[in-house]
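This report refers to the structure that appears directly beneath it.
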Amino acid sequence: MNYLEYFDRIRLAKEKIEKYVHTTPIDYSTTFSRITNAKVYLKLENLQKTGSFKVRGAFNKLLSLKEEERKKGVIAVSAGNHAQGVAYAASTLNIRSTIVMPETAPASKYLATRSYGADVVLYGKYLHESMKKAEELIQKTGLIFVHPYGDLDVIMGQGTIGLELYDIEPDYVIIPIGGGGLISGISIALKYRFPNVKIIGVQSSSSPSMKVSKDLGRLVEIEPGYSIADGILVKSPSELTFGIINELVDDIVLVDDEEIAEAIVLLLERSKTLAEGAGAAALASIISGKVKVNGIDKKVISLVSGGNIDLSLLSTLTEKFLYRQKRVVKVRVIVPDKPGQLNKVLSYVVKIRGNIIDIVHDRHSSDVLPGYTKIYITFELQSSEALSLLLTNLANEGIDVKIVE
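Take the sequence shown: its letter number 262 is residue 262 in UniProt numbering, and every next letter is one higher.
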């Protein structure tokens with residue numbers, strides 16, 4: 001089937017939804033261009049209304065409903081961005097919405113969905129259990145189901161992003177894949193105008209259903225594992241999205257949570273861009289080398305699909321990143337438990353311009369000899385060379401010192 005026939009529907013979707021959604025910015029990144037030896041642009045859908053691209057497809061679907069369907073109301077199943085997108089679009093268009101979320105959904109996403117005016121039903125631990133509840137409600141009430149990716153109107157709405165990339169004339173476009181609605185729509189929009197553009201999908205290694213399906217040439221289901229990229233954890237793509245991706249997407253790669261976490265922190269630190277796990281997956285594939293771009297003149301667009309990250313998770317990822325980069329270090333020293341010993345150690349930390357974060361004494365562990373104390377010192381520092389100098393100086397003083405990983 002020639003999926004490019006759908007291009008006119010994407011163009012019409014753009015006209016329908018443009019007064020309800022943002023045309024999000026495209027930001028050229030000097031930092032990521034240098035890292036990848038290419039011209040890297042970030043398409044910032046994290047700045048979209050509700051913090052995600054999902055609102056595009058939601059508006060296009062709801063605007064496509066007949067009047068009698070609008071009166072019935074709509075229902076969606078989601079633990080995150082799709083829920084918020086449908087809730088916001090429905091509220092804007094004065095359509096009653098019900099969102100079924102698993103009981104394990106983050107409180108922040110549950111509250112955000114309610115704040116957009118939806119009736120939220122918490123049911124089950126997993127999405128497939130929530131889906132069964134939604135099916136019951138549809139049978140009882142006649143609510144119109146809004147599928148997160150297996151619906152042409154939703155796909156056409158997501159495809160409007162592709163129209164906003166034309167001015168760049170990209171050589172590569174890197175897009176995260178969950179159920180495949182986003183990359184399906186963008187692929188149609190781009191391949192119509194730029195047949196030679198390379199479109200690369202990115203999945204979490206914890207949820208490789210689309211990659212395995214494409215590799216095998218048939219649709220398969222794979223139960224997702226845990227990942228910080230919860231927005232792209234999908235057991236099975238739809239026949240519709242699989243067909244489009246199988247024809248138009250050039251390749252699919254996998255990234256792990258360590259690579260995604262690094263991309264999240266680098267986006268925040270270097271580009272002042274807040275991304276959730278799924279939103280950072282595309283960039284993770286580039287900076288990790290999973291996606292190879294050939295040539296410094298190649299223009300690469302990395303889609304930052306959403307920014308709805310849990311703040312406690314962001315704090316954890318940032319802290320781990322700083323430890324991994326040795327920009328924050330914890331050392332353990334064992335010294336005689338008498339006045340002046342701690343000051344001696346800290347004087348060497350000061351010499352390397354370390355900033356003390358925390359100090360903990362331990363006099364009671366079994367490996368601490370009588371008359372000694374174990375001290376854990378956590379501090380920020382400016383370079384790995386400074387850390388080496390500190391360790392050398394303390395060792396020269398005869399102080400037992402060890403980095404705590």
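Every residue gets a Cβ at the ideal spot worked out from N, C-alpha and C, and that includes glycine.
Looking only at C-alpha atoms, which of LYS66, ALA76, SER108 sits nearest to ILE138? ALA76
Residue range of the unbroken beta strand (DSSP E) whose run includes ASN355: 355–362
Best match in GLY306, SER209, TYR372 for proximity to GLY340 [C-alpha to C-alpha]: TYR372
Keeping to the same chain, check which residues put their C-beta closer than 6 Å to that of ALA134; ignore five residues upstream and five downstream. ILE75, VAL77, VAL100
With ASP256 and SER205 assumed to form a contact (beta carbons below 8 Å), what rounded beta-carbon distance in angstroms separates them? 5 Å
When every heavy atom of the ligand COA is checked, does at least one fall within less than 6 Å of the C-beta of LYS214? Inclusion of the ligand COA in the displayed structure is not the case, the ligand content being empty and no account of it being possible.
With a CB to CB cut of under 7 Å and the five nearest residues on each side skipped, what residues in its chain are close to VAL120? ILE99, MET101, TYR110, THR113, ARG114
Going straight from the alpha carbon of ALA261 to that of SER312, what length do you get? 13 Å
Below 8 Å, can you find three or more Cβ-Cβ pairs linking the region 322–329 to the region 372–389? Touching, yes.
Using the beta-carbon count (16 or more within 10 Å), is GLY180 buried or exposed? Result: buried.
Kindly indicate which three-state DSSP category ALA105 falls into: helix, strand or coil? Of the three classes helix, strand and coil, the one that applies to ALA105 here is coil, per DSSP.
Rounded straight-line distance, which links the Cα of SER384 to that of PRO336: 28 Å
CA nearest to the CA of VAL333, picked from ILE175, LEU274, LYS344, LEU248: LYS344
C-alpha distance - LYS14 paired with PRO195, whole-angstrom precision: 21 Å
Under the three-state reduction of DSSP, which class applies to SER288: helix, strand or coil? In the structure shown, SER288 sits in coil (DSSP, three-state: anything other than H, G, I, E or B).
Whole-angstrom Cβ separation of ALA118 and ALA87, contact assumed at under 8 Å? 4 Å
Would you mind giving the Cβ-Cβ distance between GLY306 and ALA278, rounded to the nearest angstrom? I have them listed as a contact below 8 Å. Confirmed, about 6 Å.
With DSSP as the reference, label SER265 as helix, strand or coil. Here the sequence assigns Val to residue 265, which means Ser is not the residue at that position. Residue state, collapsed to three classes: helix.
Can you tell me whether ILE222 is helix, strand or coil according to DSSP? In this structure, ILE222 counts as coil in the three-state DSSP scheme.
Local conformation of GLN203 per DSSP, three classes: strand
Is ALA76 helix, strand or coil when you go by DSSP? strand
Among GLY231, ALA275, ILE286, whose alpha-carbon lies nearest the alpha-carbon of SER315? ALA275
May I ask you to list the residues that DSSP assigns as paired with GLY159? BP columns for GLY159 are empty, so no partner.
From the DSSP secondary-structure annotation, give me the bridge partner or partners of LYS191. None; LYS191 has no bridge partner.
Between THR392, TYR348, LEU342, which has its C-alpha nearest LYS374's C-alpha? LEU342
Is the region 47–57 touching the region 79–86, taking contact as three or more C-beta pairs under 8 Å? yes
Helix, strand or coil for ASP171 per DSSP? DSSP, read as helix, strand or coil, puts ASP171 in coil.
Given THR104, which residues of its chain have a CB within under 7 Å of its CB, disregarding the five upstream and five downstream residues? Only LYS125 meet the Cβ criterion.
What distance in whole Å lies between the Cβ atoms of PRO176 and VAL197, which are believed to be in contact at a cut-off of 8 Å? Contact flag wrong, Cβ pair sits at about 17 Å.
Write down the C-beta distance between ILE174 and VAL300 rounded to the nearest angstrom, noting that I regard them as a contact closer than 8 Å. Correct: roughly 7 Å between the Cβ atoms.
By alpha-carbon positions, which one of ILE232, ASP215, GLU18, ASP367 ends up nearest to ALA203? According to the sequence displayed, residue 203 carries Gln and not Ala. If we check each option's Cα against that of GLN203, ILE232 comes out closest.
What is the residue span of the beta strand (DSSP E) that ILE138 lies within? Taken as a continuous stretch (DSSP letters only), ILE138 belongs to no beta strand (DSSP E), being part of the alpha helix (DSSP H) at 127–141.
DSSP three-state call for ARG327: helix, strand or coil? coil
Among the candidates ILE352, SER207, SER64, LEU44, whose CA atom is the shortest distance from the CA of SER227? SER207
Evaluate the contact criterion for the region 285–301 versus the region 350–364: three or more CB pairs, one atom per stretch, below 8 Å. no
Quick one: what does DSSP say ARG96 is sitting in, helix, strand or coil? Note: ARG96 maps to coil in three-state DSSP.
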